[in-house]
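Below is one structure, written out as structure tokens; the observations come after it.
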Amino acid sequence: MIVSTLNILPEVEGTKTLGAIFSQYTSGVNIVKDITGGIKAILGKRTSHYESDIKKAREEVLKDLTEQAEKLGGKAILGLNFQYSQLVDSNITIITIYGTGTVVSFD
């Protein structure tokens, strides 16, 4: 499966668009991670636990998009895009990652 942020594959002719695909992954971060992350951010340090949560979520979204593309008979996902959002409540931070792309096939 070819996965690209490009909207076209210049080296491939005769592509057929099969449809758009969408996925999302939502993850809660507990208060201990929030406090630790906040302290590290103030000190200018990397917050590795947030980074690992975001990486895992992005991988899950990409896995889901790939599975959807395969079910449609696609050979590539083009125009791959990720969006991130964060909801902060008094006790928890919720991170949501959205992924979109266009499934195409070609000869």
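Counting from 983, one number per residue, gives the positions in the sequence shown under this note's numbering. Cβ coordinates follow ideal geometry from the N, Cα and C atoms, glycine included. Owing to the predicted nature of the structure, the values given are computational and were not obtained by experimental measurement.
Given a cut-off of 8 Å, decide if residue j and residue i are closer than it, judged by their beta-carbon atoms.
i, j, result
"Y1080", "A1039", "no"
"E1052", "M983", "yes"
"I1059", "L1069", "no"
Can you tell me whether residue i is helix, strand or coil according to DSSP?
i, result
"S986", "coil"
"I1074", "coil"
"K1053", "helix"
"L991", "coil"
"T1084", "strand"
Tell me whether residue i is buried or exposed, calling it buried when 16 or more other Cβ atoms sit within 10 Å of its Cβ.
i, result
"D1035", "buried"
"S1005", "buried"
"Y1032", "buried"
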